[in-house]
Each structure stands twice: as structure tokens, then as C-alpha cells.
Amino acid sequence: MRIAVCPGSFDPITKGHLDIITRASKLFDKVIVLVVINAAKQFSFTQEERTELIRQVIGDSLPNVEIDSYDGLLANYVKEKGAVAIVKGLRAVTDFEYEFQMALANKKLNPEADTVFLTTAHENMYLSSSLVKQIAHFGGDISSFLPPQIVEPVTARLCKKD
Ligand code: PNS
280 MRIAVCPGSF DPITKGHLDI ITRASKLFDK VIVLVVINAA KQFSFTQEER TELIRQVIGD
340 SLPNVEIDSY DGLLANYVKE KGAVAIVKGL RAVTDFEYEF QMALANKKLN PEADTVFLTT
400 AHENMYLSSS LVKQIAHFGG DISSFLPPQI VEPVTARLCK KD
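Shown next as C-alpha cells:
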């Protein structure tokens with residue numbers, strides 16, 4: 280059983296994340312989508328809410344995908360699960376330095392697992408959770424950026440109320 284962990288902040292999950300998760304599910308026997316803490320970020324949704332939004336999106340549609348959340352070091356979680364890979368999406372050169380640094384640190388902390396980068400689909404190259412949040416905050420239409428199941432709750436939460 281080759282297990283991969285697909286970690287992220289998912290604040291909230293976007294179509295870009297979903298594309299990476301779906302493609303990872305075809306490459307590995309089991310994929311765990313893991314909502315973890317990024318100490319450098321301020322979140323709009325709690326860890327529980329972000330996990331729940333992912334559950335709403337994925338449901339039973341990808342049978343070999345599980346959803347989980349974790350408060351500690353990613354490398355420890357990956358070790359506990361016996362996973363062989365950490366899967367991340369790469370949008371552009373601007374992602375590279377940050378992702379490369381994390382991949383090297385995770386390899387040092389857990390030499391048993393490798394980070395695998397999937398190039399984002401070209402239509403999602405510009406897409407990020409923070410962009411979606413900014414657009415929603417100012418009342419813009421975010422329906423083309425998010426899986427349809429979560430457009431309404433995410434819009435309701437993020438739309439600026441004056
Ligand atoms: O979606 P993001 O915010 O770019 O993902 C970054 C994330 C959450 C995967 C990273 O911050 C992380 O792995 N956090 C868990 C804590 C940890 O292990 N930090 C050290 C990473 S080398």
C-alpha cells in the first residue's frame with residue numbers, strides 16, 4: 280500500500296487543490312488530505328471548518344482519499360502513517376524556493392518519505408486561497424475558483440458586511 284499525504288492550509292480548498300488531490304489519487308494507493316498549521320499564516324476558517332469544507336467537496340467521490348487534520352510536524356505525521364510521499368502542487372517559479380526548502384527540511388526530518396511535486400493545471404496557475412478570499416471580501420464572484428459545493432458557505436463567511 281503506497282500512501283501519500285497531501286498537506287496544506289486549505290483556507291479554503293480551491294479547484295486548484297482539488298485537481299492536485301484528484302491526480303495524486305491516481306498515482307498512489309491511498310491519499311490523505313491533511314489540514315495542518317502554517318505558523319506563518321492567519322486563517323479565515325478554523326482547522327475544523329477547513330477540514331469540513333474538504334469533506335463537503337470530496338464526499339465519497341474519491342474512494343482512496345481520506346481527510347484528516349493534525350497540529351504537529353508534518354514529517355512526524357507522515358512517519359506515523361508510513362507514507363512514502365508528500366504531494367504538493369507547484370504553480371510557478373515563485374512557489375519553488377519555499378516548497379524546495381520545506382521538501383528538504385521534511386526529508387531531513389523523515390528520510391523515508393519524498394516530496395513529489397505535481398505541476399498545476401494551466402487554468403489554475405494564478406489561483407490561490409488568499410486571492411479567493413480577497414475577491415470574496417470585496418463582494419466579487421468566486422464561483423469559478425471553488426468547487427461548487429462550498430461556494431455558498433465560503434461567500435457567506437468572507438463577504439464584507441458593512
Ligand atoms: O498550503 P500551505 O500553507 O502552503 O502549506 C504549508 C504547510 C501547511 C504544508 C506547512 O506549513 C506545514 O507542513 N505545516 C505543518 C507544520 C510543519 O511540519 N512545519 C515544518 C514544514 S518543513
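Quick note on our numbering: the sequence shown kicks off at 280 and runs consecutively.
By construction, the Cβ of each residue, glycine as well, lies at the ideal position given by its N, Cα and C atoms.
Query	Result
If you scan the stretch 307-388 from start to end, which runs of the alpha helix (DSSP H) of 4 or more residues do you find wholly inside it?	326-337, 353-360 and 372-388
In this structure, how does DSSP classify residue 283 when only helix, strand and coil are distinguished?	strand
Per DSSP, residue 397 is paired with what?	368
Within 10 angstroms of the Cβ of residue 377, are there 16 or more other Cβ atoms? Answer buried if so, exposed if not.	exposed
Do you know offhand how far residue 335's Cα is from residue 389's?	31 Å
How about residue 313 and residue 353: do their beta carbons lie closer than 9 Å?	yes
What does the alpha-carbon distance come out to for the pair residue 400 and residue 295?	8 Å
Please identify the residue among 367, 283 and 328 whose C-alpha is closest to the C-alpha of residue 436.	328
Taking a contact to mean a Cβ-Cβ separation below 9 Å, would you say residue 380 touches residue 348 in this structure?	no
Keeping to the same chain, check which residues put their C-beta closer than 6 Å to that of residue 366; ignore five residues upstream and five downstream.	283, 285, 303 and 395
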